[in-house]
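In our numbering, the protein residues as written are 780 to 1715. All C-beta atoms in this analysis are idealised placements derived from N, C-alpha and C, irrespective of residue type, glycine included. Data block below; observations after.
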């Protein structure tokens, strides 16, 4: 066996045609080819899947039961395969608790750092916390009002799993008769049996007494016992109206001014995912789901009589009468006219109506009461529409308890560090001066933090804040975040498989990323990239070109080798684009720009946008460009798309901060076309998504045989009972659970994968059953249905976008991102155009080969030719150079971005000195600059 290569023989996963290939180890290999050719099938479904399967197989059967089982890929032989790690797009957990800092493990080191060298301050008095003496504790306790009952407790177990029998036995042996277990007082005559796998809190009750003048001696003795048992920490539980309230007293930390006691600093105290660190108001989320006044009163320009309070409209007669009476009562109490526009009411009247007073319940308290008490799903669903996430009023979005936030290093709390960008954080810790014991303790921790921060900067994420929720990251950002984590781990001899790591990166930042990948390689690792970026392909050590086409026409190795070997091969489509034999040409003429007829965003100031005004000319192909983090997605997705979705469709998503949007009257709808799957289940397919299957089912229902049998179009749906095979419920396959082995999908024995029962399949159209039609490729179906105008229009469009090789009934779960996006484009193109639609696309070139991009551009320009407006966020220069108008944001990312650097045609932007996009455009437009022109 050759130890320098990964040997793959007979790979047949998905559309791979039994390919044989050697992938060199300790090198950067790019796997490229048209969309749907089989790149991911080779890289992820074969190489990575086999590496993971072998790792899991090496574990004990006990360990394997807790892990997802991976089915053996369809391959005859793989040799020389090192341990594999996949870094795919959008792999960050979709959880609001997951942040950039937690994903990269930087937060773990920050928690440790704050626990070891942080200076605690009193969150009430703002003075430095110091240790308490027994005398100070007695003084604090005797200050409690006379006659109050108290308990003195020693904490023994806090938040630990187990039965803790030895703890109870120890307590009893020492003569104690009571304990508080999980907030319940128990008698220790019988040792309780605790749940082994649940966390528990155990406090021994040392003394119970009533506050009076002659308890000093007893108190002193009890305190000493408590502190001895609790290792310097004790609890005073004081009876009050609402039950019992605990106060911490500690020989370690206490405020000299107010006497507040604090626990010993521990890492979990700074975790917003732990009950010991999380804010009690929001449980560590930083925000709470609450009723939103803006959703309750969506249109403030109409009066209460005309229905300004949307939440109190459209109920059943009895409830509606009650709400109408409430409004009339409010009008009398506050002497206001119900015909006055809501926006013209005094603020105190608005607040009284929404939040209530002593004499009036208020809209929001009323809705809260109903929401908490109702058992009706319908009412809950309606009320949820008036709720949104709002910043927690307890922690102001900081996620942590007040005492955790009051611990500081160089006058900054851990939350303030989380609010810094990666670049700013590195600057803070680089400039941090520590001495003596603090310097010794923090040396290794700071080294780990700084290393990870540098890796983040190396992959172009300098502008991202540590506290940013990971589910707000783009696919490319999420992937590079994980890549930085892996680089930081310092592993050697590993095979990294990456899915288009350049996605979301401006050409300026590509070089940084490539340096990081080369570092991985130079450390003795194998790097396999599924990639289309020209610069990355040219920089690779080895290239594998898969094709020649997509789907069934792909799955073969066209060529493999060095860059020269690829470009010299006439059969390689990739090689022809790399050698410029084929290329995406500039448009012969750009469309005229009329900024008077445009969508205008005024005062855009969400996130890092600097209150900018932006005009988007209508009936053009317009690109928003700029380096990563410059504010493109904020401007287009968070502000423009959300605002228009709210205007046209009543969306509940709150747009990003801006003053107003002008020109919306020139368009009648907004459509976002992304690369998300067209369906989440195998039942969804191109035919169902484009509505072609509705027409096909109607055709079958109109046949003579169907009419005789009384079959309707519903008979041909595989989602409902009647015509489908009931054994597999219309799926064509059945899932077989294999317990310790992975679940298997086998062809249904009853219908043989045809989805329908025998009698349904007996009815044919032009000698083809409905199952035969679903099994047709789109190009074949296009010819088959060429005499059915509506159906031919849909199939023709699918064919035009380059999807002729896909089967009509192909499961949506097997489609690539590029294929899903083109199906969505085809669905839009096949509809009757109004010529007043705004199409928004965010990096549509993701997953697309040069040839696919050429096809995509034809479709996008066709949409514009029909009178529509296409707005694209993009970094790909082939797309940017063909646009009619560019809006370039920057000049940098994060706080250094958010400005309009340039706006105009590609030729005009290329002449702007400050524009990084312009700098790269000069090369593709072949502009020789003589004198810089600033038109921003």
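Neighbour-count burial assignment, residue 1518, 16 or more Cβ in a 10 Å radius:
Caution is warranted here: a pLDDT of 46 is assigned to residue 1518, below 50, making its placement in the model unreliable, and the coordinate value is therefore given only provisionally. Residue 1518 should be labelled exposed.
What residue from 1065, 1296, 1208 has the CA that sits closest to residue 1246's CA?
1065
As a quick exercise: from 1332, 1265, 1201, pick the residue whose alpha carbon is nearest that of residue 1273.
1265
What residue range does the beta strand (DSSP E) around residue 1508 cover?
Premise fails: residue 1508 is in no beta strand (DSSP E) and is neither H nor E.
In chain order, what residues of the same chain lie with their CB nearer than 8 Å to the CB of residue 854, ignoring the 5 residues before and after it?
787, 788, 789, 790, 791, 792, 825, 829
Which same chain residues, not among the five before or five after residue 1473, have their C-beta less than 7 Å away from its C-beta?
Listed in chain order, the non-local C-beta contacts of residue 1473 below 7 Å within the same chain number zero, local neighbours out to five positions each way being set aside.
Residue 944 and residue 984 look like a contact to me (Cβ under 8 Å); what is the Cβ gap, rounded to whole Å?
No, residue 944 and residue 984 are not in contact; Cβ-Cβ is about 19 Å, not under 8 Å.
So, are the CB atoms of residue 1511 and residue 1553 less than 7 Å apart?
no
CB residue 1286 to CB residue 1258, shorter than 7 Å?
no
Are the Cβ atoms of residue 1330 and residue 1378 separated by less than 7 Å?
no
Terminal residues of the continuous alpha helix (DSSP H) containing residue 1234?
Start and end: 1215-1237.
Give the C-beta separation of residue 1318 and residue 1293 to the nearest angstrom, bearing in mind that I take them to be a contact with Cβ-Cβ under 8 Å.
5 Å
So is the beta-carbon of residue 857 under 6 Å away from any non-hydrogen atom of the ligand SAM?
Only the bare structure without any ligand can be found here, which leaves the ligand SAM out of the picture.
Below 8 Å, how does it come out for the segment 1009-1016 and the segment 968-978: are there three or more Cβ pairs, yes or no?
no
Restricting to Cα atoms, I'd like to know which of 1261, 1660, 1561, 1678 is closest to residue 1689.
1660
Would you mind working out which of 1617, 1316, 1581 sits nearest residue 1339, comparing C-alpha positions?
Closest by alpha carbon: 1316.
If I'm right that residue 1399 touches residue 1648 with Cβ under 8 Å, what's the distance once you round it to whole angstroms?
6 Å
What ranges does the alpha helix (DSSP H) occupy inside the segment 1535-1606, keeping only unbroken runs of at least 4 residues that lie completely in it?
Positions of the alpha helix (DSSP H) runs, each at least 4 residues long and wholly inside the segment 1535-1606, are given as 1537-1540, 1549-1553, 1557-1563, 1568-1579 in order along the chain.
Straight-line gap, residue 952 to residue 968 (C-alpha atoms, nearest Å)
Whole-angstrom Cα-Cα distance: 11 Å.
I'd like to check one pair, residue 1605 with residue 1580: are the Cβ atoms closer than 7 Å?
yes
Where residue 1233 and residue 1226 are concerned, what is the direct C-alpha to C-alpha distance, given to the nearest angstrom?
11 Å
Local Cβ density within 10 Å of residue 1627, reported as buried at 16 or more and exposed below that:
buried
Roughly how many angstroms separate the alpha carbons of residue 797 and residue 817, rounded to a whole number?
12 Å
Contact between the segment 1562-1578 and the segment 1536-1543 is defined here as three or more beta-carbon pairs at a separation below 8 Å; is this criterion met?
no
Does the distance from the C-beta atom of residue 913 to that of residue 1243 stay below 7 Å?
no
Going by DSSP in three states, residue 1618 sits in which element: helix, strand or coil?
strand
Below 8 Å on the Cβ atoms is my contact criterion, and I expect residue 1671 with residue 1652 to pass it. Report the Cβ-Cβ distance as a whole number of Å.
So it is not a contact: roughly 17 Å between Cβ atoms.
Can at least three beta-carbon pairs, one atom from the segment 1048-1067 and one from the segment 1174-1193, be found at a separation below 8 Å?
yes
Whole-Å CB distance - residue 1090 paired with residue 1146, under 8 Å assumed:
6 Å
By a C-beta neighbour count over all protein chains shown, 10 Å radius and 16 as the cutoff for buried, is residue 1434 buried or exposed?
buried
Under 7 Å between the Cβ atoms of residue 1650 and residue 1401?
yes
Can you look up residue 1683 in the DSSP assignment and give me helix, strand or coil?
Here residue 1683 sits in strand by DSSP.
Count the other C-beta atoms from every protein chain shown that fall within 10 angstroms of the C-beta of residue 1608, then say buried if there are 16 or more, exposed otherwise.
buried
Below 8 Å on the Cβ atoms is my contact criterion, and I expect residue 1044 with residue 899 to pass it. Report the Cβ-Cβ distance as a whole number of Å.
7 Å
Tell me the residue span of the alpha helix (DSSP H) that contains residue 1296.
1286-1301
Is it buried or exposed for residue 1699, if we count other Cβ within 10 angstroms and need 16 for buried?
Residue environment: residue 1699 is assigned as buried (16 or more neighbouring CB atoms within 10 Å of its CB, all protein chains considered).
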